[in-house]
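The sequence shown begins at 1 in the working numbering and counts up one residue at a time. Think of the CB as a built atom: it goes at the ideal place given N, C-alpha and C, for glycine as much as any other residue.
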Amino acid sequence: MPKDIVIRTAKAEDASRILQIQKEVVLEGTFLTTVSDEFNKTVEQQRDWIENVLHNDKETMYFLLIYQMKFIFILP
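As structure tokens, this is what we get:
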């Protein structure tokens, strides 16, 4: 794998960038069960969710693909 590609689990400090990607997906998505008007999660809520998942083995964690220091993809 090239050195400028990183795959890792999400951290609490990634919350705002993850939320930004989620909002972009919801805005572009035609066949999603959530529409943009319903998606109103805050950065603090996202951060709390990530911290909860990090301490709970039964939750699904986000995996991040980072290319040249830019978040490209999140996989729940």
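What's the C-alpha gap between residue i and residue j?
i     : j     : result
Glu13 : Ile21 : 14 Å
Thr77 : Val53 : What is shown of the chain runs 1 to 76, which leaves residue 77 out entirely.
Lys23 : Glu51 : 20 Å
Val35 : Met69 : 29 Å
Glu44 : Arg17 : 12 Å
His88 : Lys41 : Because the chain spans 1 through 76 in this model, residue 88 falls outside it and cannot be assessed.
Glu38 : Lys3  : 38 Å
Thr30 : Leu75 : 19 Å
Trp49 : Ile66 : 20 Å
Taking Cβ to Cβ, would you say residue i is nearer than 8 Å to residue j?
i     : j     : result
Ile7  : Phe63 : yes
Ala15 : Arg47 : yes
Taking only three categories from DSSP, how would you classify residue i?
i     : result
Lys3  : coil
Lys23 : helix
Leu32 : coil
Which whole-angstrom value is the C-beta distance of residue i and residue j, which I expect to be below 8 Å?
i     : j     : result
Leu19 : Val26 : Going by Cβ atoms, the distance from Leu19 to Val26 rounds to 10 Å, so no, they are not a contact pair.
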